[in-house]
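Working notes, structure below.
In our numbering, the protein residues as written are 5 to 281.
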């Protein structure tokens, strides 16, 4: 498979006043849907924890199983299943709708309580005398999707965050297939929202999202599921992140031309469907 020549890591400079305060080395891989590396900076084979950047792929079982259809989810529900949201009222409302559709409540969430991201939403909760809960966690949409998948597939939803639970086994199998990278017992850690997260070579992640952007790299049903997730996020970018957030801003500005998702520790993925990248 053809590969381009890698160059040194990209450098991001943080400027304060007239001077550069600090520099960050960044590894970047640009891949196409055919599996070729178009350009890379730094270590393309570096093992990374994709963190929240991979949420749209973690949502594939929710779609492929038919759970989303049986629960009559609309695109905004599907977008929230891929989100790292602000915990705004619109996000909380949709997460509750998802849980209610499966006969569940927010007490079933195992992602942990978290304050909303914006001060105005924190103030509103304080004025109303409401304690922040798991429903305000930036990952509550993803976790609601996990719970809905569990219930619709006849699983006991309790403990769905554990690596040995059938939910996480299904996700690991899907991610292994889509990224062509093993998801086993020897290469995972625990993410910030309590679920397992596996290391993946950066170039594999880039190739996976190039294919995700055009719905390739799997059978017909997987292709349809990828495009449905992609389109839901591009149709409802406000659900993917929220007010004053980069993912929401860029997908809103470019309207159907780009999918993006950020993650912790500098992780970021993007798909450009028109370019096949």
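Even glycine gets a Cβ: it sits at the ideal position worked out from N, Cα and C.
Remember, predicted model here, so these are calculated numbers, not experimental data.
For residue 24: DSSP bridge partner residues:
Paired residues: 19.
So what does DSSP say about residue 261, is it helix, strand or coil?
Of the three classes helix, strand and coil, the one that applies to residue 261 here is coil, per DSSP.
Kindly indicate which residue of 151, 128 and 280 has the alpha-carbon position closest to the one of residue 212.
Of the candidates 151, 128 and 280, the one whose C-alpha sits nearest the C-alpha of residue 212 is 280.
Which value, in whole angstroms, describes the spacing of the CA atoms of residue 32 and residue 47?
Each residue's CA atom was taken as its position, placing residue 32 and residue 47 some 8 Å apart.
Which residues in the same chain as residue 276 place their Cβ atom closer than 6 Å to its Cβ, once the five residues preceding and following it in sequence are excluded?
Same-chain partners within the cutoff: 262.
What residues in its chain sit with their C-beta under 7 Å from that of residue 138, if we drop five residues either side in the sequence?
Here the set comprises 110, 113, 115, 116, 117 and 144.
Same chain, Cβ closer than 6 Å to residue 260, neighbours up to 5 away in sequence not counted
So the qualifying residues of the chain are 238.
Does the structure place the segment 228–235 close enough to the segment 63–74 that three or more beta carbon pairs sit under 8 Å?
Because the criterion of three Cβ pairs below 8 Å is met, the segment 63–74 and the segment 228–235 touch.
So is residue 223 buried or exposed if we call it buried at 16+ other beta carbons inside 10 Å?
Classification of residue 223: exposed, given that the 10 Å Cβ count is below 16.
CB contact flag (residue 170, residue 159, <8 Å):
For the pair residue 170 and residue 159, the CB atoms are nearer than the 8 Å cut-off.
Which ranges does the alpha helix (DSSP H) cover as unbroken runs of at least 4 residues, wholly within the segment 129–180, from first to last along the chain?
The qualifying runs are 144–156.
Per-residue DSSP class, three states only, for residue 198:
Coil, per DSSP.
In the structure shown, what three-state DSSP assignment does residue 241 receive?
It is helical.
Give the C-beta separation of residue 86 and residue 265 to the nearest angstrom, bearing in mind that I take them to be a contact with Cβ-Cβ under 8 Å.
At roughly 7 Å, the Cβ-Cβ gap stays under 8 Å, so residue 86 and residue 265 are in contact.
Counting only the same chain and skipping the five closest in sequence on each side, list residues whose C-beta sits under 7 Å from that of residue 81.
The answer, listed in chain order, is 98, 101 and 102.
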